[in-house]
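Have a look at the structure below before the remarks.
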Amino acid sequence: MNILILGSGGREHALAWAVLQNPKCDRLIVAPGNAGIAMIADCADLTITDGEAVVGFAVEAAIDFVIIGPEAPLAAGVADALVAAGIAVFGPSAAAARLEASKAFTKDVCDACGAPTAAWARFTDAQAAHAHVAARGAPIVVKADGLAAGKGVVVAETLQQAQDAIDDMFGGAFGAAGAEVVIEEFMGGEEASFFVLTDGETVLPIGTAQDHKRIGDGDTGPNTGGMGAYSPAPVMTDAVTQAALDRIVRPTVAEMARRGTPYRGVLYVGLMIENGQPRLVEYNARFGDPECQVLMMRLGGQALDLMLACAEGRLADMAVTWADDHALCVVMAAKGYPGDYARGSVIAGLDGLPEDAQHMVFHAGTARAGGEWCANGGRVLTVTARGETLQQARDRAYGMVEAVDWPEGVYRRDIGWRGL
Ligand code: AMP
Ligand code: GLY
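Residue 391 in my numbering sits at position 382 of the sequence shown, and the numbers go up by one each step.
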């Protein structure tokens with residue numbers, strides 16, 4: 010089978026790596042891909058948010074199955090275009106991807122199906138929003154309704170921060186994404202990410218993870234796209250997992266089907282767990298990055314069978330084969346990220362690193378220049394390892410990180426601390 014993966018990050022490198030383990034894969038193309046992905050698959054230049062262009066390319070290249078990595082093509086309806094053209098696709102329709110693309114939409118769905126989440130209100134003008142936070146007090150959470158590349162959420166510890174966030178959002182800091190603002194009760198507890206596949210009816214859990222969003226050790230400094238992750242998440246006990254499935258995930262999937270917009274694909278369920286009770290923080294309509302890297306390391310080649318069954322409505326016949334293992338990844342970023350950073354610094358030591366079922370370096374932002382690896386992005390590498398224990402996975406991952414010779418790179422030294 011010929012497979013096309015859309016995207017260009019560490020997530021897509023990990024998806025490509027897993028798909029290639031599966032003998033069903035005859036040919037793999039990743040668009041646009043990156044320099045690391047180009048070492049294992051063909052890369053193609055393609056505007057991946059343009060449904061017509063993606064369909065045209067897929068027909069031309071005799072693609073049987075398309076896996077959509079990031080949220081932008083989902084929100085742009087690329088899955089809908091592929092379905093209309095009769096091409097199997099892993100990734101929800103634009104209508105179903107609203108679970109990520111609109112925070113107010115998700116809150117409406119939660120209310121309709123009784124899923125526990127933070128109390129909330131939506132606003133289209135600043136004055137009413139200000140009055141609301143003044144009445145509620147801090148801490149309080151202010152969110153731009155739409156997609157804002159993970160930057161549209163402010164957890165305000167003071168009223169002033171909340172007011173500034175409201176003014177920024179209505180002032181256009183996030184463009185159209187901030188035309189509507191959602192204000193939420195602050196939830197305390199421990200966060201975890203829960204990943205399920207669903208074909209619109211059957212729900213199949215495929216793993217849990219915890220990530221580290223802040224740039225600095227000890228969870229300090231600005232938020233990033235994610236500086237490291239590990240799987241499984243110890244806080245996701247069987248009881249918490251069952252509660253999340255029964256009260257949040259299955260009711261949501263049923264509500265989406267009832268609305269005539271069934272959700273098909275991976276649902277990334279962001280949870281806050283307090284006193285053993287999970288509440289929904291957010292949904293994403295895709296795999297997390299870097300959470301995908303640890304999940305793929307644990308799932309290996311069966312990931313393709315699972316994604317295909319999901320796309321074809323056959324999940325009821327599927328089961329996940331679990332090894333009793335752990336995976337952990339450390340993101341290496343360019344100095345300055347998530348702010349301004351330089352490109353082009355040389356990364357040495359990568360070619361001597363092991364690449365096997367226990368060790369992989371997934372590339373997010375590298376380039377080849379004069380036979381050397383160079384940094385070409387903010388998050389540059391995801392160094393990923395598996396082990397029988399979290400400690401072993403961590404030791405292996407940091408062993409590789411230390412072998413990378415890249416003075417202009419930064420990484421957190423405490424990935425996994427909460428789990429250990
Ligand atoms: P989101 O994009 O909605 O996941 O928000 C980003 C991050 O903000 C989450 O991962 C949480 O750490 C935090 N957050 C969002 N909503 C809340 C909330 N209601 N209470 C506490 N923290 C929150
Ligand atoms: N690592 C968080 C995300 O992908 O949204």
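Glycine included, every Cβ here is placed at the ideal spot set by N, Cα and C.
Just so it is clear, the structure is predicted and the values come from calculations on it, not from any experiment.
At the level of alpha carbons, what is the spacing between residue i and residue j?
| i | j | result |
| --- | --- | --- |
| MET305 | MET369 | 11 angstroms |
| ASP117 | TYR292 | 13 angstroms |
| ALA171 | GLN219 | 27 angstroms |
| ALA394 | ALA113 | 37 angstroms |
| ALA94 | GLU166 | 49 angstroms |
| ALA376 | GLY45 | 8 angstroms |
| ILE199 | ARG427 | It should be pointed out that residue 199 corresponds to Glu in this sequence rather than to Ile. Each residue's Cα considered, the two are about 10 angstroms apart. |
| ARG259 | LEU315 | 18 angstroms |
| ARG323 | PHE74 | 15 angstroms |
| GLU109 | SER17 | 20 angstroms |
| ALA88 | GLY42 | 19 angstroms |
| PRO347 | ALA406 | 22 angstroms |
| LEU317 | ILE96 | 12 angstroms |
| ALA147 | ARG223 | 21 angstroms |
| LEU359 | TYR420 | 16 angstroms |
| ALA430 | ALA53 | Nothing about residue 430 can be read from this structure; the chain reaches only from 10 to 429. |
| ASP255 | THR126 | 14 angstroms |
| TYR350 | GLY386 | 8 angstroms |
| HIS221 | SER240 | 12 angstroms |
| ASP120 | ALA378 | 53 angstroms |
| PHE296 | ALA336 | 16 angstroms |
| CYS319 | PRO231 | 36 angstroms |
| ARG145 | ALA186 | 24 angstroms |
Whole-angstrom Cβ separation of residue i and residue j, contact assumed at under 8 angstroms?
| i | j | result |
| --- | --- | --- |
| MET341 | VAL303 | Actually they are not in contact, since the Cβ atoms of MET341 and VAL303 sit about 15 angstroms apart, beyond 8 angstroms. |
| LEU156 | ALA84 | 6 angstroms |
| MET15 | ILE57 | It is Leu, not Met, that sits at residue 15 in the sequence shown. So it is a contact: roughly 4 angstroms between Cβ atoms. |
| PRO287 | VAL339 | In fact, because the Cβ distance is near 27 angstroms, the residues do not count as touching under 8 angstroms. |
| ARG273 | PRO101 | 6 angstroms |
| GLY235 | PRO299 | 5 angstroms |
| GLY161 | PHE179 | About 12 angstroms; that fails the 8 angstroms criterion. |
| ALA25 | ILE49 | 6 angstroms |
| VAL275 | PHE195 | Contact doesn't hold; Cβ gap of about 28 angstroms is too wide. |
| GLY408 | ALA402 | So it is not a contact: roughly 11 angstroms between Cβ atoms. |
| GLY60 | GLY86 | 6 angstroms |
| MET327 | LEU213 | 6 angstroms |
For residue i, which residues from the same chain have a beta carbon less than 6 angstroms from its beta carbon, with the 5 sequence-adjacent residues on both sides left out?
| i | result |
| --- | --- |
| GLY418 | MET341 |
| ILE257 | ALA124 and LEU289 |
| GLY345 | none |
| VAL163 | VAL151 and ALA174 |
| HIS431 | In the structure displayed, the chain extends from 10 to 429; residue 431 sits before or after that span and is not available. |
| VAL392 | VAL339, VAL370, ALA406, MET409 and VAL410 |
Can you name, in chain order, every residue of its own chain whose Cβ lies under 8 angstroms from the Cβ of residue i, other than the five neighbours on each side?
| i | result |
| --- | --- |
| VAL28 | ILE12, ILE14, CYS34, LEU37, ILE76, GLY310, ALA312 and LEU313 |
| ASP435 | Because the chain is modelled from 10 through 429, residue 435 falls outside the range shown and cannot be assessed. |
Considering only residues of the same chain and omitting the five flanking positions on each side of residue i, which have a CB-CB separation below 7 angstroms?
| i | result |
| --- | --- |
| GLU381 | VAL355 |
| GLN400 | LEU429 |
| ALA201 | THR217, GLN219, ALA242, VAL244, MET245, LEU280 and ILE282 |
| ASP176 | ALA135 |
| CYS383 | GLY353, SER354, VAL355, ILE356, THR375 and ALA376 |
| PRO271 | ALA105, GLY209 and MET265 |
**Report entry** Three-pair Cβ contact test at 8 angstroms for the segment 189–208 versus the segment 119–132
**Finding:** The segment 119–132 and the segment 189–208 touch, with three or more beta-carbon pairs separated by less than 8 angstroms.
Query - Any beta strand (DSSP E) of 3 or more consecutive residues that is wholly inside the segment 332–358 - result: Qualifying beta strand (DSSP E) stretches, in chain order: 335–343.
**Report entry** Segments assigned beta strand (DSSP E), at least 3 residues, entirely inside the segment 30–75
**Finding:** Fully enclosed beta strand (DSSP E) runs of 3 or longer: 36–41.
Query raised in the report: Touching or not, the segment 263–274 and the segment 100–115, by the rule of three or more beta carbon pairs under 8 angstroms?
Result: These segments touch.
Query raised in the report: If you pair each beta-carbon of the segment 273–288 with each one of the segment 231–250, do three or more pairs fall below 8 angstroms?
Result: The segment 273–288 is in contact with the segment 231–250.
Query raised in the report: Which residue spans inside the segment 196–265 form an unbroken beta strand (DSSP E) run of at least 3?
Result: You should have 199–207, 212–220, 223–225, 229–232 and 237–240.
Requested in this report: Could you name each continuous beta strand (DSSP E) segment of 3 residues or more that falls completely within the segment 130–183, going from the start of the chain to the end?
Outcome: Fully enclosed beta strand (DSSP E) runs of 3 or longer: 149–153 and 162–165.
**Report entry** Uninterrupted alpha helix (DSSP H) stretches inside the segment 281–337 (no shorter than 4 residues)
**Finding:** Counting whole runs of 4 or more residues, the segment 281–337 contains the alpha helix (DSSP H) stretches 300–308 and 311–320.
Query raised in the report: Can you give, in chain order, each stretch of the beta strand (DSSP E) that sits fully within the segment 370–404 and has at least 3 residues?
Result: With a minimum length of 3 residues, the continuous beta strand (DSSP E) runs that stay inside the segment 370–404 are 375–378, 381–384 and 388–396.
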